[in-house]
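Engineer: In numbering that gives the first Met the number 0, the protein residues as written are 0 to 279.
In this text, a Cβ means the ideal position worked out from N, Cα and C, and glycines have one as well.
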Amino acid sequence: MIIDGRAVAARIRAELLSRTARFFENTGRYPTLAVVLIGDDPASGIYVRNKFKACAEAGITCKDVRLPASVSEEETENTVRGLAKDEEVDGILVQLPLPAHLNQERILAEVPTEKDVDGFSAQNIGALALGKQGQVACTPLGVMELLKAYHIETRGKRAVVVGRSNIVGKPMALLLLNADATVTVCHSRTQNLKEECLKADILVAATGRANLITADMVKEGATVIDVGINRVDGKLCGDVDFENVQKKAAYITPVPGGVGPMTVAMLLVNVCNAAEMRHK
Ligand code: NDP
0 MIIDGRAVAA RIRAELLSRT ARFFENTGRY PTLAVVLIGD DPASGIYVRN
50 KFKACAEAGI TCKDVRLPAS VSEEETENTV RGLAKDEEVD GILVQLPLPA
100 HLNQERILAE VPTEKDVDGF SAQNIGALAL GKQGQVACTP LGVMELLKAY
150 HIETRGKRAV VVGRSNIVGK PMALLLLNAD ATVTVCHSRT QNLKEECLKA
200 DILVAATGRA NLITADMVKE GATVIDVGIN RVDGKLCGDV DFENVQKKAA
250 YITPVPGGVG PMTVAMLLVN VCNAAEMRHK
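(1) Between the stretch 36-43 and the stretch 6-17, can you find at least three pairs of beta-carbon atoms closer than 8 Å?
(2) Quick check on DSSP: helix, strand or coil for Y46?
(3) Tell me whether S43 counts as near ligand 1, meaning its Cβ is closer than 6 Å to at least one heavy atom of that ligand.
(4) Which residues share a DSSP beta bridge with V160?
(5) Just to confirm, is the Cβ distance from C137 to T262 under 7 Å?
(6) Alpha carbon to alpha carbon, what distance is there between V64 and K279?
(7) Considering only heavy atoms of ligand 1, does any lie closer than 6 Å to the CB of V93?
(8) Could you tell me the boundaries of the alpha helix (DSSP H) in which K114 lies?
(9) Can A205 be considered in contact with ligand 1, in the sense that its beta carbon sits closer than 6 Å to one or more heavy atoms?
(10) Please state the DSSP three-state secondary structure of R208.
(11) Helix, strand or coil: which one does DSSP assign to V268?
(12) Judging by CA-CA distance, which residue of D232, T222, V226, A128 is the nearest neighbour of Y250?
(13) Classify P67 as buried or exposed, calling it buried when 16 or more other Cβ atoms lie within 10 Å of its own Cβ.
(14) Are the beta-carbon atoms belonging to C236 and V254 less than 7 Å from one another?
(15) Rounding to the nearest angstrom, what Cα-Cα distance links A204 and T181 in this structure?
(16) Output the distance between the C-alpha atoms of R21 and K50, rounded to the nearest integer angstrom.
This is the structure in structure tokens:
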């Protein structure tokens with residue numbers, strides 16, 4: 000079965016409308032996301048535009064904060080600090096990647112935990128590691144929602160996550176662990192990747208390497224989640240050889256139309272959660 004991320008994301012986004020309306024009734028304003036975009040990277044510009052559109056459709060107000068590529072570290076930190084203090088801002092998203100001269104860690108550290116709707120802060124990642132409530136990175140959270148939507152059991156299952164980045168692989172592994180899966184994390188130094196992947200009931204590929212996961216690496220009846228976004232000969236594809244792997248997998252996400260739409264949907268959910276928590 001092909002997992003329809005667009006349909007699940009559309010349902011989640013539609014459900015948010017009543018939450019944002021209720022928030023407005025209670026507070027006289029809509030949940031608000033501030034997006035800081037630095038420089039003129041065209042891909043980042045497209046991502047930000049998509050986020051604004053999705054926010055508008057869900058009843059979330061966006062504050063569009065643009066800084067030139069030449070902005071200083073101090074000015075950037077001051078801008079984020081200002082948003083941190085702004086009572087009417089519920090979530091802050093600093094669009095990555097930042098221009099090379101800016102220190103990403105220091106700038107992200109200015110985003111207070113409760114407004115960290117990307118779930119990238121040390122406190123939020125720490126909360127996830129401790130199995131406590133906090134904001135969780137949107138992409139791995141979206142994967143968990145897909146598993147839930149298709150009633151794919153995680154408890155007691157073997158999950159293999161290929162990729163160990165701080166924004167996808169690690170939080171993904173922690174979420175699966177918290178959901179009672181037995182989790183293995185693989186990366187570029189893993190020996191016998193195929194052997195590890197073959198053990199997976201749930202295989203999550205998050206490497207950015209097109210066609211890394213081939214059919215001979217997938218167990219019959221496994222669930223295969225493809226987080227990767229790659230461009231090969233101008234065509235968008237994931238990390239999984241979809242054509243051949245789909246013949247073995249019980250469930251598989253396509254690229255595009257799988258995990259991607261869930262990332263945006265979960266950002267909206269995180270903004271609503273942040274707004275409601277702050278209001279409480
Ligand atoms: P990173 O480049 O930060 O991390 C990639 C990870 O894959 C690293 O841990 C790396 O290992 C591992 N890796 C690379 N090559 C291999 C290999 N040959 N075998 C095993 N492991 C390997 O990427 P991100 O985590 O940020 O993103 C991963 C992919 O997901 C990208 O394609 C990105 O575009 C996509 N993405 C998609 C999103 C969505 O909404 N669908 C959102 C975010 C990302 P090591 O640590 O050893 O270097």
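Structural biologist: Judging by the given coordinates:
(1) no
(2) What you label residue 46 is simply residue 47 of the sequence shown in a count that begins at 1. In the structure shown, Y46 sits in a helix (DSSP, three-state: H, G or I).
(3) What you label residue 43 is simply residue 44 of the sequence shown in a count that begins at 1. Answer for S43: no, Cβ out of range of ligand 1.
(4) Counted from its first residue, the sequence shown places residue 160 at position 161. Paired residues: V184, V203.
(5) In the sequence shown, counting from the first residue as 1, residue 137 sits at position 138. In the sequence shown, counting from the first residue as 1, residue 262 sits at position 263. The answer is yes: Cβ separation under 7 Å.
(6) What you label residue 279 is simply residue 280 of the sequence shown in a count that begins at 1. What you label residue 64 is simply residue 65 of the sequence shown in a count that begins at 1. Approximately 27 Å between the Cα atoms of the pair.
(7) Position 94 of the sequence shown, counted from the start, is the residue given in the question as residue 93. Result no, Cβ not under 6 Å from ligand 1.
(8) On the sequence shown, position 115 is the one that residue 114 refers to. Neither: K114 is in no alpha helix (DSSP H) and is coded neither H nor E.
(9) Your numbering for residue 205 matches position 206 in the sequence shown. True, at least one ligand heavy atom lies under 6 Å from that Cβ.
(10) Residue mapping note: residue 208 aligns to position 209 of the sequence shown, counting from 1. Looking at R208 - three-state DSSP - the assignment turns out to be coil, as it is neither helix nor strand.
(11) Walking along the sequence shown from the start, residue 268 turns up at place 269. In the structure shown, V268 sits in a helix (DSSP, three-state: H, G or I).
(12) Taking the sequence shown and counting its residues from 1, the one referred to as residue 250 is at position 251. It is T222 whose Cα lies nearest to the Cα of Y250.
(13) As a position in the sequence shown, residue 67 is number 68, starting the count at 1. Label assigned to P67: exposed.
(14) Within the sequence shown, residue 236 is the residue found at index 237, counting from 1. Within the sequence shown, residue 254 is the residue found at index 255, counting from 1. Yes.
(15) As a position in the sequence shown, residue 204 is number 205, starting the count at 1. As a position in the sequence shown, residue 181 is number 182, starting the count at 1. Cα-Cα distance, rounded: 16 Å.
(16) Here the question's residue 21 lines up with position 22 in the sequence shown. Here the question's residue 50 lines up with position 51 in the sequence shown. Whole-angstrom Cα-Cα distance: 21 Å.
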